Ligand SMILES: [Mo]
Ligand SMILES: [Mo]
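Here's what the structure looks like:
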C-alpha cells in the first residue's frame, strides 16, 4: 500500500491529535491558534486549545529515557533525567507565551509580508511549574569561571529538521542565571504534565520573552560566549525598519527578539459579528514582556477624541518586573441608534509607561513580527 | 534696607550661581534646561549645563557635617557620614537622568496642560560614581527580616518646603536591594564632586527611572511596606488616560512613574534655523528607561512613507537590562532644490522592541508627563 509507505517516510506521520477548535495557519509543521473569542473564556488558557507553534515535526519523547545535557566552557558535561529535575524545588510561574508573529495578519493587511497569517490567537496564558534554571545550573557544575566565560545560554530541542539539526535558541546569560529571571525547566502546564504539542516532558519557559526562546522538548543546554547559531536566533525573529525589504535585509544587523513589547487585542465580539444599537461590551487581553505589568487599557470609539479606561476582569497580583501573566479586560460602550458601524481601538500601557504604537504602517517589517499596534475593529450594526 | 530684609527671609536667597546658557522654565524653585543643540556637543553632558530640576529651595549641605539616616521596620536607626559612604566599593554607572516632563511643550502644543514648559533639554547623560545602595543597606543592619517587612525604599532630601516637610520619593524594594539594580549613593558626577544644584554631597541615582526618584541632597532612607507619602510620589509623577481632566482625576488610581518609556528627540538643527537645499544633517538623542538599550532610530522626511535608519554617533557597549546611558545619533537627508520646507520625524526602538507612539494626542495627560511621542520638526528652506 503506497500511502502507508509514504506515511512511514513522512516525518509528520506521527503527530498528536489536536482539538478541533484550533485554527491552523500551517499543517506541516502544525501551527494553529486559539480563536480569539475562546481566549476570553478563562484566565488560564486550557492546554488543549492553547496555540501551537512548532518549527519542525513533533518529537515523541519517552519520559523514562529523557535526558537533558548541560555543558559550558571548561566544564564536564552533565546529564539530568526527568526525575533528577523533579528533585529540585518546584516553582510555579504564571506566564503568557506569545508567538513573535501574533497579530501578524493585521500588519499583513497594510502591506504584504512573509509569515504565518496569525490573527490575535497565537498567545495564551498558563501556569508553568518546574525547576528554576538557575538552581539546576548551579547544581550542575556551572561554576563562577564557566559563567565568566559565557554571555548566553543556548538551548536545543529534541525536534530536528530534515538535515538532522535541532531547533535552537538562546537567551542572555543574566536572564537565565539570575534567580530573579524566573526561567523554568517546566514539566507542568496548568497543573498537568506538559502536553506533547507544548514540549513534553520539559519545556524551557522564559517568562516575558518571545515564544521562540521557550524551547520545547528540551534536550541540551550550552553556556557559551555566543548566541545560538540556529536559523531562528540568527536569521529570523528580529525586527527591522519598515523600509527594509528582502533585497537589502541583513539579519546580522538587528538584535534577536527577547522581551516582547506591550500589546492588546479586542477579542469579542469577533470581527464578523453584527452588533445591535445600545450597550456594546468589548472584551480582550493585554500583555507586556520583560516582566512588565499592564497598568491601563484605554478604549476609544471616536478615533481617539475620547478614551474610556477598560475594567480589569482579571490580572495577577504580582509586581513588576515579575508580572508575566496577561490582563483580561472589558468595557461597555454606547452604540447610538442611527449608527451603521462603530470603529473601536484598544491601547495598553505597561508599568514602564510604554504604550502601543498607533499604526502598523510605521512598525511594518518584512517578517511581520512585533505586530503590536492598536487593535482596531469595525463592527457593523444590524 | 527693606530689600535685604526680604532677601534674608526669602528661602531662595541663597541659590548657587548657574551657567547663563541654561534656559529657565521657573525661577523659584530654579528649573532650567539645556538648549537641545548644546546636548549634541558631548556624550557626557557637562555638569554646569546639565538641566536643573528642583522642587524646593536649594539646600547648602556641609560635607563635614553630612549625615545619612537609615531606618526600617524593627531595625535600629543607622547614621552614616560622607566618609563612611566613601569607604564602600566605588562603582561608576553611566546614566541619563530625565525629568518626567521632558518634552512637555510638544504635548502642551496639542492641548493645554499644567507643568513646566520643557522643550527637549530636561535630560542629560553623565557618569555617576558612589557606593551601591545594596552594599550600604546590607552593611547597615538591614536584615532579611527587615526586607521581609518592606516593599519600598523611601528617600528624603535635605530640601524642605515652607511647611518644613522634605522632598520625598520611593522606589520598589527590589530595584534598590537587588545588586543588579545598579542604584547608587553617588558623590561624583562626571568625575567631579556632585554640584550643589545636583545634590551635593550625595544624590540617589536610580538608573533607568524618572528623575523625580533620583533624590538630591539625600538625608534619609526608610525601608517600608508603603511608598513615600510625599506629594511627588502620591499626587504627581503619574500618568493618566487622555480623557482624564482636573475635575475627575484620582491620583490614587494610577501607579507612580518609575521606569521611563522609550524616547528620542531631534536636537539640531534647532527649530528656528533656516536650512538650505542639498544635504541636511539631523542630530539627536534617544533613550529608554528600565535598563533598555536603544537598538535603532528611524527617521522619515515623508510622513512615514520611507524610513532611514540613523547612524549611531555614540552609545555605551553595555548590555540590556543595564544600559542606562543615552544614544546620540545622526542622519543625512536630501533636501530637494524646490522645497519650501521639510518635516522630519524620529522614532526610537529599544531592546524590548518597544517603540515611541506616533502622536501626543493619544498619550496626552493633564500633567504633561511621559511625553515621548515621535519628535517632529518642520524646517523652512532659505
Ligand atoms: Mo513564534
Ligand atoms: Mo522631574
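Chains as they are written, first to last, in our numbering: chain A, 28 to 409; chain B, 28 to 409. C-beta atoms are modelled at their ideal positions from N, C-alpha and C, and glycine is treated no differently. If you're wondering where the values come from, they're calculated on a predicted model, not measured in any experiment.
Who are the neighbours of residue i on chain B, taking C-beta pairs under 7 Å?
i: residue 317 of chain A; result: 379
i: residue 110 of chain A; result: Neighbours of residue 110 of chain A on chain B: none; closest Cβ ~32 Å, over 7 Å.
i: residue 150 of chain A; result: None at all; the shortest Cβ gap to chain B is about 16 Å.
i: residue 116 of chain A; result: Neighbours of residue 116 of chain A on chain B: none; closest Cβ ~18 Å, over 7 Å.
i: residue 334 of chain A; result: 268, 269 and 270
How about residue i and residue j: are their beta carbons less than 8 Å apart?
i: residue 357 of chain B; j: residue 309 of chain B; result: yes
i: residue 129 of chain A; j: residue 266 of chain A; result: no
i: residue 42 of chain A; j: residue 85 of chain A; result: yes
i: residue 369 of chain B; j: residue 337 of chain B; result: no
i: residue 160 of chain A; j: residue 212 of chain A; result: yes
i: residue 433 of chain B; j: residue 173 of chain B; result: No answer is possible for residue 433 of chain B: it lies beyond the span of chain B, which begins at 28 and ends at 409.
i: residue 435 of chain A; j: residue 169 of chain A; result: Because chain A in this structure spans residues 28 to 409, residue 435 of chain A falls outside the shown range and cannot be described.
i: residue 69 of chain B; j: residue 119 of chain B; result: no
i: residue 403 of chain B; j: residue 372 of chain B; result: yes
i: residue 225 of chain B; j: residue 243 of chain B; result: yes
i: residue 58 of chain A; j: residue 143 of chain A; result: yes
i: residue 217 of chain B; j: residue 154 of chain B; result: yes
i: residue 331 of chain B; j: residue 246 of chain B; result: no
i: residue 78 of chain B; j: residue 149 of chain B; result: yes
Output needed for residue i: all residues of its chain with C-beta closer than 6 Å, excluding positions within five of it in sequence on either side, in chain order.
i: residue 46 of chain A; result: 75 and 76
i: residue 106 of chain A; result: 94 and 96
i: residue 342 of chain B; result: 354
i: residue 359 of chain A; result: 306 and 308
i: residue 198 of chain B; result: 180, 233 and 240
i: residue 235 of chain A; result: 286, 316, 317, 318 and 351
i: residue 29 of chain B; result: The predicted position of residue 29 of chain B is uncertain, since its pLDDT is 43 and thus under 50; no value can be drawn from it.
i: residue 230 of chain B; result: 213, 221 and 243
Taking residue i as the reference, which of the options has the closest Cα?
i: residue 64 of chain B; options: B/295, B/403 and B/307; result: B/295
i: residue 268 of chain B; options: A/334, A/204 and A/132; result: A/334
i: residue 112 of chain A; options: A/103, A/125, A/91 and A/126; result: A/91
i: residue 80 of chain A; options: A/56, A/98, A/73 and A/131; result: A/56
i: residue 248 of chain A; options: A/260, A/196 and A/258; result: A/196
i: residue 110 of chain B; options: B/311, B/152, B/325 and B/214; result: B/214
i: residue 365 of chain B; options: B/385, B/380, B/407 and B/389; result: B/407
i: residue 382 of chain A; options: B/371, B/272, B/400 and B/367; result: B/400
i: residue 223 of chain A; options: A/87, A/67, A/73 and A/205; result: A/87
i: residue 98 of chain B; options: B/293, B/167, B/275 and B/404; result: B/167
i: residue 388 of chain A; options: A/136, A/254 and A/73; result: A/136
i: residue 293 of chain B; options: B/62, B/202 and B/246; result: B/62
i: residue 147 of chain B; options: B/332, B/346, B/297 and B/339; result: B/297
i: residue 141 of chain A; options: A/254, A/151 and A/264; result: A/264
i: residue 238 of chain B; options: B/37, B/396, B/158 and B/39; result: B/396
i: residue 386 of chain B; options: B/134, B/40, B/37 and B/49; result: B/134
i: residue 282 of chain B; options: A/283, A/281, A/291 and A/346; result: A/346
List the residues of chain B whose Cβ lies closer than 9 Å to the Cβ of residue i, in chain order.
i: residue 259 of chain A; result: None at all; the shortest Cβ gap to chain B is about 16 Å.
i: residue 346 of chain A; result: 178, 199 and 201
Based on the DSSP output, what are the partners of residue i in its beta bridges?
i: residue 53 of chain B; result: B/58
i: residue 336 of chain A; result: A/325
i: residue 99 of chain A; result: In DSSP, residue 99 of chain A forms no bridge with anything.
i: residue 377 of chain A; result: A/321
i: residue 314 of chain B; result: B/290
i: residue 184 of chain B; result: B/245
i: residue 216 of chain B; result: B/155 and B/219
i: residue 306 of chain B; result: B/361
i: residue 276 of chain A; result: Answer is none; residue 276 of chain A lacks a bridge partner.
Whose C-beta lies closer than 7 Å to the C-beta of residue i among residues of the same chain, with five residues either side of it excluded?
i: residue 162 of chain B; result: 115 and 116
i: residue 377 of chain B; result: 289, 315, 319, 320, 321 and 322
i: residue 83 of chain B; result: 56, 186, 187, 188 and 194
i: residue 138 of chain B; result: 391
i: residue 273 of chain B; result: 393
i: residue 145 of chain B; result: 52, 60, 126, 128, 129, 130, 131 and 132
i: residue 48 of chain A; result: 62, 65 and 76
i: residue 32 of chain A; result: With a pLDDT of 48 at residue 32 of chain A, under the threshold of 50, the modelled position of that residue is not reliable, and no figure is offered here.
How would you list, in chain order, the residues of chain A whose beta-carbon sits under 8 Å from the beta-carbon of residue i?
i: residue 340 of chain B; result: Under the 8 Å cutoff, chain A gives no residues; its nearest Cβ is about 17 Å from residue 340 of chain B.
i: residue 388 of chain B; result: 331
In chain B, what lies closer than 8 Å to residue i by C-beta?
i: residue 207 of chain A; result: 201, 205 and 207
i: residue 287 of chain A; result: 379 and 380
i: residue 376 of chain A; result: 266
i: residue 245 of chain A; result: Within 8 Å Cβ-Cβ: nothing; residue 245 of chain A doesn't reach chain B, min ~24 Å.
i: residue 343 of chain A; result: The premise fails here: residue 343 of chain A is roughly 15 Å from chain B at the closest Cβ pair, so nothing lies under 8 Å.
What residues in its chain sit with their C-beta under 8 Å from that of residue i, if we drop five residues either side in the sequence?
i: residue 100 of chain B; result: 173, 176, 177, 250, 251 and 252
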